[in-house]
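There are 2 protein chains.
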Amino acid sequence: MTAIEAQHLSEHELIEEFLKPLAKSSPYSLNLDDDAALLKPRPGHDLVITKDVLVERIHFFENDPTGTIARKALRVNLSDLASKGARPLGYLLGLGLPKNWNRQKTRDLCAGFATDQETFDFYVMGGDTVSSPERLLISITAIGEIKSGQMTHRNTATAGDVLYVSGTIGDAALHTAICYKKLSAPDDEKAHFLRNRFLLPDPVIALTAAIDQYAKAAMDISDGLIGDLVKMCKASSVSAKLDLGSIPYSAAAASMISGQRLAQQIALTGGDDYELLVAVGPENTLSFEKEASRASIAVTRIGVFEERADETLSFCDAPPWMSFEKMSYEHFS
Amino acid sequence: MTAIEAQHLSEHELIEEFLKPLAKSSPYSLNLDDDAALLKPRPGHDLVITKDVLVERIHFFENDPTGTIARKALRVNLSDLASKGARPLGYLLGLGLPKNWNRQKTRDLCAGFATDQETFDFYVMGGDTVSSPERLLISITAIGEIKSGQMTHRNTATAGDVLYVSGTIGDAALHTAICYKKLSAPDDEKAHFLRNRFLLPDPVIALTAAIDQYAKAAMDISDGLIGDLVKMCKASSVSAKLDLGSIPYSAAAASMISGQRLAQQIALTGGDDYELLVAVGPENTLSFEKEASRASIAVTRIGVFEERADETLSFCDAPPWMSFEKMSYEHFS
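Protein sequences, first through last, are from chains C and L.
Going by my numbering, the letters in the first sequence line up with residues 1 to 333, in that order.
Going by my numbering, the letters in the second sequence line up with residues 1001 to 1333, in that order.
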């Protein structure tokens, strides 16, 4: 159940030439000789396991650089691990190669994996390669470790907690909207910045220590700030009051959003941010901010959690035109 | 990065109505509220992790019953775990739903997962759902546990070991060949038997104890007995002498193979068997056979491993027309 066929390279070549070199540095891969990974968990630690599947023309554009597609696939999973406060151990890779694939694309894809493997010290430990005739397919199962009992959950925010977000919001969604001509592009430099944020989200791994110590709850934003915050509230049986005016935007995003309701809605609901929503008890906000600052991660207070109310979300300052009927990301296709 | 779209059900409905009930019995799923699974490994145990991706019209036919597609996806992964001597703990499910999907198919698919979850005491602990417009896609990452240091490898067969195979060989491949009209079907009863063996392979989990105790090396046969035996030999730096006359066939397969070289070649190289190849030291063959018998698993001696020679495989009794140019399975598409 492992062959790919009718490609420009055999499964044997794919494994020997491209995948084994990627697996070389993993202590768990058994050199890919065994069709399985072998993990020896450290005593006193739990494992956090997450899975994201990326499909061509759903989660990335056909013409995105092949190497960045691979890197993004790793990064969205690393973002999930970071939101749990877990240290990345390694990943399993399911690769579906389309009919129009070739050796150069495989080289580019694996160079992307190799780059981010080094960056994040996070290596492939096993997987499967198949044929996926119409669309490139990348399925990543990422495994992280955390001290026993220390995982940060999504459903443990409580009324009174302060809501933080890391980084800036909306860059990737604005890029996608520009590609679909829903919005016009800003100047080249800004457009380039937004595209880079779409292609290479930056998983907030450096925030792991601050989350481990001070977060009551956390989740990563993949489907849009508004929709994911609603999910976090519902899971925690609380509501949230959001201060829209305090949402952090990059200069490029801010220039598009200024006065444009469509751009703001897209930024807040479009998804693909891979920043973190973090609930912190009021007694710990200063410590959390200090720890984040030490890790050089920007975090911004954007609201508070409140007792559960009829409206899951309320706004300090919603302009009358602001509605969030479309609360969450729908993938482009 | 989790939405499916333009389906007959929303991602939210899919998770709440179909996936959460499947995850209910897993101690690791966190009720799917957290976008991650949390595994608390038992002291003194290692984890074995394996991944198989199944793609519509590559690994299963469009018209295979939806429930059996789900069950087969679990079983091929369980077969991998069995070959390592590992006890199944649970799995992550990546599900890509095509455009022509509907609620009834989701119901059937999840009923299939539910059936085999009960059968194998093996529950979903997390995953991702995406849109896969042209083809149903099922990506399973299966996790098993084993006493520390006890995993059975593929690359540890040595010269002198006896080669065993479990069950019968070729049934699934013969069914596929009938579907493609490469071979004519036997009578209805036999055709039905072969189809069932294709749809629902039987992972040889009951052999785990015998493998743990007595196997020098093992692997499961997914890409055909001949091709997979060659892989096992190469990984172990040995050769093997195969007694073709002793290969176990079902009555249905035997009736097709009798005197037909094409049918025999397909049976031996076609794949999708999910039986196990096991290397057992000559001093342990009786104990291994006894333990297999106690587990009610048929095992058959089909050859021996020898010192590495120019030819990776030799045959006690190859008829002159027997050639294995096509040594291994290529998926139908």
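Ideal Cβ placement from N, Cα and C applies to all residues, glycine included.
If you're wondering where the values come from, they're calculated on a predicted model, not measured in any experiment.
Problem - aspartate 33 of chain C (DSSP reduced to helix, strand or coil) - result: coil
Exercise for the section: Along the alpha helix (DSSP H) that carries methionine 232 of chain C, what are the first and last residues, could you check? Expected result: Note, methionine 232 of chain C: alpha helix (DSSP H), 225-236.
Handout entry: Interface positions of the segment 1125-1137 of chain L facing chain C (Cβ-Cβ less than 9 Å), listed along the chain
Key = Met1125, Gly1126, Gly1127, Asp1128, Thr1129, Val1130, Ser1131, Ser1132, Pro1133, Glu1134, Arg1135 and Leu1137
Practice task
Tell me, please, whether the CB atom of valine 1053 of chain L is closer than 9 Å to any CB atom in chain C?
Solution key: Chain C places a beta carbon closer than 9 Å to that of valine 1053 of chain L, counting this residue as a contact.
Practice task
Verify the CB distance criterion: does isoleucine 1297 of chain L have a CB-CB separation below 9 Å to chain C?
Solution key: no
Handout entry: CB contact check: glycine 1376 of chain L to chain C, cutoff 9 Å
Key = Coverage of chain L is limited to positions 1001 through 1333, which leaves residue 1376 of chain L absent and any answer about it impossible.
Handout entry: Nearest-angstrom Cα separation, counted from alanine 23 of chain C out to threonine 2 of chain C
Key = Any reading at threonine 2 of chain C is ruled out, since the residue's pLDDT is 37, under 50, leaving its predicted position unreliable.
Practice task
Taking only the alpha-carbon atoms, compute the straight-line gap between glycine 167 of chain C and arginine 154 of chain C and give it to the nearest angstrom.
Solution key: 19 Å
Practice task
Indicate whether at least one CB of chain C lies closer than 9 Å to the CB of tyrosine 1180 of chain L.
Solution key: no
Problem - Local Cβ density within 10 Å of glycine 1044 of chain L, reported as buried at 16 or more and exposed below that - result: exposed
Exercise for the section: Answer with yes or no whether the minimum CB distance from threonine 119 of chain C to chain L is below 9 Å. Expected result: no
Problem - Within 7 Å of chain C by C-beta, residues of the segment 1098-1115 of chain L in sequence order - result: none
Handout entry: Beta-carbon proximity of phenylalanine 1305 of chain L to leucine 1093 of chain L, cut-off 9 Å
Key = no
Practice task
Output, in chain order, the set of chain L residues within a Cβ distance shorter than 9 Å of alanine 279 of chain C.
Solution key: Residues of chain L passing the Cβ test: none, with the nearest at roughly 14 Å.
Handout entry: Residues in the segment 142-163 of chain C having any Cβ partner in chain L nearer than 8 Å
Key = Ile143, Ser148, Met151, His153, Arg154 and Asn155
Handout entry: Contacts that proline 43 of chain C makes with chain L (C-beta to C-beta distance below 8 Å)
Key = Pro1043
Practice task
Output the distance between the C-alpha atoms of methionine 336 of chain C and leucine 30 of chain C, rounded to the nearest integer angstrom.
Solution key: An answer regarding residue 336 of chain C cannot be provided, because it is not within the stretch 1 to 333 covered by chain C.
Practice task
Taking 9 Å as the cut-off, decide whether the C-beta atoms of phenylalanine 120 of chain C and isoleucine 205 of chain C are in contact.
Solution key: In this structure, isoleucine 205 of chain C lies closer than 9 Å to phenylalanine 120 of chain C by Cβ.
Problem - Neighbour-count burial assignment, glutamine 1213 of chain L, 16 or more Cβ in a 10 Å radius - result: exposed
Exercise for the section: Show which residues of chain L have a CB atom less than 8 Å away from the CB atom of threonine 66 of chain C. Expected result: Under the 8 Å cutoff, chain L gives no residues; its nearest Cβ is about 19 Å from threonine 66 of chain C.
Practice task
Count the other CB atoms, across all protein chains shown, that sit within 10 Å of the CB of glutamine 264 of chain C; report buried if there are 16 or more and exposed otherwise.
Solution key: Sixteen is the threshold: when 16 or more other Cβ atoms of the shown chains lie within 10 Å of the Cβ of glutamine 264 of chain C, as they do, the residue is buried.
Problem - Minimum Cβ-Cβ distance from valine 304 of chain C to chain L less than 9 Å - result: no
Problem - Rounded distance between the beta-carbons of leucine 1229 of chain L and alanine 1142 of chain L, thought under 8 Å - result: Contact flag wrong, Cβ pair sits at about 23 Å.
Handout entry: threonine 66 of chain C - DSSP class collapsed to helix/strand/coil
Key = helix
Practice task
Determine the DSSP secondary structure at methionine 219 of chain C, reduced to helix, strand or coil.
Solution key: Three-state result, methionine 219 of chain C: strand.
Exercise for the section: Report the residue from C:Gly245, C:Gly144 and C:Asp128 whose alpha carbon sits nearest the alpha carbon of serine 258 of chain C. Expected result: C:Gly245
Exercise for the section: Could you check the C-alpha separation between alanine 1026 of chain L and serine 1239 of chain L for me, to the nearest Å? Expected result: Looking at the sequence provided, one finds serine at residue 1026 of chain L rather than alanine. Cα to Cα, serine 1026 of chain L sits roughly 43 Å from serine 1239 of chain L.
Problem - Inter-residue Cα distance where the pair is valine 1299 of chain L and leucine 1207 of chain L - result: 9 Å
Exercise for the section: Measure the alpha-carbon distance for glycine 1271 of chain L versus aspartate 220 of chain C and round it to whole angstroms. Expected result: 41 Å
Exercise for the section: Could you tell me whether the Cβ atoms of leucine 174 of chain C and alanine 251 of chain C are closer together than 9 Å? Expected result: no
Practice task
Leaving aside the five residues before and after alanine 1073 of chain L along the sequence, list all residues of the same chain whose C-beta is less than 6 Å from its C-beta, in chain order.
Solution key: Leu1054, Ile1138 and Ile1140
Exercise for the section: Compare the C-beta of threonine 1050 of chain L against all C-beta atoms of chain C and say whether one is closer than 9 Å. Expected result: yes
Practice task
Figure out for me which residue from L:Leu1009, L:Lys1147 and L:Gln1117 has the closest Cα to the Cα of threonine 1106 of chain L.
Solution key: L:Leu1009
Problem - Cα-Cα separation, aspartate 1080 of chain L to alanine 172 of chain C - result: 39 Å
Problem - Cutoff 6 Å; reference arginine 195 of chain C; Cβ partners in own chain excluding five residues on either side - result: His175
Exercise for the section: Could you check which residue in L:Phe1122, L:Val1076, L:Lys1020 and L:Asn1102 has the C-alpha nearest to that of aspartate 128 of chain C? Expected result: L:Val1076
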